[in-house]
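The structure under discussion appears below in the form of structure tokens.
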Amino acid sequence: MLESIRKSDLAARVGGEEFLILFDNGNPKVVYEIAQRIRQRVETTPIKTANADFFHVSISLGFCSVIPNNDTLEELLKRADDALYSAKKEGRNRVVSENIL
Amino acid sequence: MKIVLFISVLFGSLMSLYASDEERNLQAVFFSKSAKFIEWPQKNQEKFVITIIDDNPFENILEELYEDKQINSKHVEIRYAKKIEELSGSDIVYITVKNPDFMQEIIAYAQANSILSISPQRGFAQRGGIIQLGFVARRAHLIINHEASLASGIKISSSLLAIAAQVIQKDKK
Numbered sequence: 063m064l065e066s067i068r069k070s071d072l073a074a075r076v077g078g079e080e081f082l083i084l085f086d087n088g089n090p091k092v093v094y095e096i097a098q099r100i101r102q103r104v105e106t107t108p109i110k111t112a113n114a115d116f117f118h119v120s121i122s123l124g125f126c127s128v129i130p131n132n133d134t135l136e137e138l139l140k141r142a143d144d145a146l147y148s149a150k151k152e153g154r155n156r157v158v159s160e161n162i163l
Numbered sequence: 558m559k560i561v562l563f564i565s566v567l568f569g570s571l572m573s574l575y576a577s578d579e580e581r582n583l584q585a586v587f588f589s590k591s592a593k594f595i596e597w598p599q600k601n602q603e604k605f606v607i608t609i610i611d612d613n614p615f616e617n618i619l620e621e622l623y624e625d626k627q628i629n630s631k632h633v634e635i636r637y638a639k640k641i642e643e644l645s646g647s648d649i650v651y652i653t654v655k656n657p658d659f660m661q662e663i664i665a666y667a668q669a670n671s672i673l674s675i676s677p678q679r680g681f682a683q684r685g686g687i688i689q690l691g692f693v694a695r696r697a698h699l700i701i702n703h704e705a706s707l708a709s710g711i712k713i714s715s716s717l718l719a720i721a722a723q724v725i726q727k728d729k730k
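In the order they appear, the protein sequences are chains Y and B.
Heads up, the first sequence is in my numbering, so the first residue is 63 and it goes up one at a time.
Heads up, the second sequence is in my numbering, so the first residue is 558 and it goes up one at a time.
This is the structure we're talking about:
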């Protein structure tokens, strides 16, 4: 994930299995492409367990644009979470934007 | 333009890889600690039942922790469920389900049967779950849906509500 973003962007773990990236100066189409690359990389990267077994995971991603001077942090996270919820509901392992690209 | 991207890992058992042992222990202890501040409708059953539905992130922590302990003067029974029907008789359900439709069904069942629903998943309380449980720097970070608890017939004391990071109340019209 960190390899996919710029130094000006911010990535953080925000929950048990949830992560958030804040793209500064982002373009929705570019962010969509980055999100797809992260999704594909996670999907194709095997994870090795302590028993030397391998397994794969997939991720869902949802994103939204910040509305300047109009978004509280809670509203912003709620909209991003709603997009993520749509990604899960539409079948997981996909990227969903709040807006039509 | 600033853009926020939310990512959720979709393999339930991976939670155990990311959640530290300490975090799991704190969650496990939370069940008995929080029960002191919660009042369920009268139930005629001998045991206090905690059910984990879907993946079990606790391994055998709950069995070890509650083997000789009581909650509300009852011995504790730990159950593991995959189906809604298996929640019957539960006092607490800890939900790790990832499917949002199934999650919603569980929340509705829990509410109809006075079961305290708890989950660490983001948005859980906003979707009708009662306690969204997280930990920040070893301190409980709770989002409590008080409206949902009242609809379930479950009373949460003001002491617990007071330490919540957020309490969702019924809109006053």
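Backbone N, C-alpha and C define an ideal beta-carbon position, used for all residues, glycine too.
For Y:Gly-124, the C-beta contacts it makes with chain B under 7 Å involve Phe-563, in order along the chain. Out of B:Met-558, B:Gln-726, B:Val-633 and B:Thr-653, the CA that lies nearest to the CA of Y:Pro-130 is found in B:Met-558. Listed along the chain, the chain B residues whose CB falls inside 8 Å of the CB of Y:Lys-91 amount to none; the nearest CB is some 11 Å away.
According to DSSP, residue pairing for Y:Ala-73 in a beta bridge involves Y:Ile-83. In this structure the stretch 594-602 of chain B touches the stretch 666-680 of chain B; the number of beta carbon pairs closer than 8 Å is three or more. In the DSSP assignment, the residues bridged to B:Val-650 are B:Thr-608 and B:Ser-674. By the CB criterion at 8 Å, Y:Phe-85 and B:Ile-560 fall inside the cutoff. Contact between B:Ala-708 and B:Gln-668 is confirmed by a C-beta separation of about 6 Å, below the 8 Å threshold.
For secondary structure counted as the beta strand (DSSP E) over 3 or more consecutive residues, the stretch 79-146 of chain Y holds these complete runs in sequence order: 80-85 and 121-127. DSSP places Y:Arg-68 outside both helix and strand once states are collapsed to three, so it counts as coil. Residue pairing from DSSP places B:Glu-634 in a beta bridge opposite B:Val-606.
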